[in-house]
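Written below as structure tokens is the structure these notes are about.
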Amino acid sequence: MPRLPAFFARLILLAFAILGLQTATPAADDSLPLNEVRIAAVQYEIQGNQTAEQLMAKLEAAVVEGVAAKADCIVFPELITFDSWRVDEIESHSVPSQQEVQETLRIATEITPTFLRGMAALAEKYQVDILGGTTPRIEGSSIFNSAHLFFRDGSRFRQDKLYPTHWELKAGISPGSALATCDTRWGRCAILTCYDVEFPDVSSLLVSSRPELIFVPSMTESESGLQRVRWCAQARAVEHHAFVIVTGTVGSPSPSWKHFGQAAFLAPRESRFTANPVTGNPGQTMLLTYPLNLQALRESRQATEFNPSADIASRKQSLPARMR
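Residue numbers (the working numbering): 2 to 325.
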């Protein structure tokens, strides 16, 4: 359990999030709205010891593959800039050492600026939208684990992780303070990074905004961690009657640091969406591409009798006060 002061700090931050749910809109696009979006989810290999230039070359290769697969949006996993972690010098521990704290700061300082510029350039160069996974980002005296969505028109959207893991907190990463949604040419979306998708109180903040797509970039180091994120992501698909896209890191950069990720396209389990989830090969480097029928989702939302987030919004006032 977190220490009591940290627990109350999180409650305060989430209170700000409840009050501060925002909707961001990128620059106008004549093709709005799309009835179908083709998503490419990257199962990204963490090798470690990558320079900023080597990292960007790997990312560009994945973008080129996604564009060749005719993706409208390419999705990378959590903390992909940790591919530059100096694994030959700094061993990973379940409780981060001071060296690991400093390495996280180094990546935020030295790698993240190049990463952000590079991903924005790739989105414009290849005319494709890119969820660039997440990276440690410095703001003032704090470090945040931030997801960035780069649009082909040069605009971008950012979402900080609200619930860093215990390792992240001890490595110096701070909780984000607000949850936002983003209106895009392919629908309204939200980003719940890894651990965030496991918290119903965070998910409930999205009820009023009704996102059609929820992205879950993740970094898990075991099959149990992968399944925990996956099961909660499926719950979010049912809760919001939305598509949820999960992807993760793979690879074994050192004996003490292994990754176990798997991409998945999840739909609400409803009469129009009865097929099994589309998933990648767990633990393998690959790109999984799948078309999501947004028109079918919108029609299903209108017709279904099973839409928990809509029912929450419509029935809240009729519930006993203790349940509101």
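Using N, Cα and C, we set each Cβ at its ideal position, and we do this for glycine too.
Kindly list the residues whose CB is nearer than 7 Å to the CB of residue i, restricted to its own chain and excluding five residues on each side of it in sequence; keep chain order.
| i | result |
| --- | --- |
| I47 | F83, D84, T250, G252, P254, H260 |
| R273 | A297, S301 |
| L117 | H149 |
| Q285 | Q44, V251 |
| G177 | F145, D161, K162, L163 |
| R229 | E199 |
| E61 | L123 |
| P278 | A265, F266, L267 |
Residue j and residue i - do their beta-carbons sit closer together than 8 Å?
| i | j | result |
| --- | --- | --- |
| A304 | L267 | no |
| R237 | V198 | yes |
| P212 | V239 | no |
| P78 | V43 | yes |
| S219 | C183 | no |
| T280 | A72 | no |
| A53 | E101 | no |
| F152 | G133 | no |
| R138 | T113 | yes |
| I246 | F216 | yes |
| I91 | E111 | no |
Excluding the 5 residues preceding and the 5 following residue i in the sequence, name in chain order all residues of the same chain whose CB lies nearer than 6 Å to its CB.
| i | result |
| --- | --- |
| D31 | Its pLDDT being 47, under 50, D31 is placed unreliably in this model, and the coordinates cannot settle the point. |
| C190 | C183, P212, L214 |
| G188 | E213, L214, L295 |
| A335 | Examination of residue 335 is not possible in this model, given that the chain is present from 2 through 325 alone. |
| S257 | E92, S93 |
| P283 | Q263 |
| L56 | D84, S85 |
| I81 | Y45, G134 |
| N36 | L295, Q296 |
According to DSSP, residue i sits in a beta bridge with which residue or residues?
| i | result |
| --- | --- |
| G252 | H260 |
| F266 | I246, V279 |
| L132 | V76, L150 |
| F83 | F83 is not bridged to any residue. |
| E271 | F274 |
| F216 | I192, I246 |
| P292 | R39 |
| E140 | S143 |
| M287 | Q44 |
Quick one: residues in its chain with C-beta nearer than 8 Å to the C-beta of residue i, no 5 flanking neighbours on either side, listed in chain order?
| i | result |
| --- | --- |
| L5 | Annotation note: pLDDT 39 at L5 (below 50); position unreliable, no value reported. |
| S175 | S143, I144, F145, P165 |
| Q99 | none |
| V96 | W168, K171 |
| V64 | I75, L123, Y127, V129, I131 |
| V345 | Residue 345 lies beyond the stretch modelled for the chain, which goes from 2 to 325, so this question has no answer here. |
Practice task
Please list the segments of the alpha helix (DSSP H) lying wholly inside the stretch 144 to 192, counting only runs of 4 or more residues, in order along the chain.
Solution key: 167 to 171
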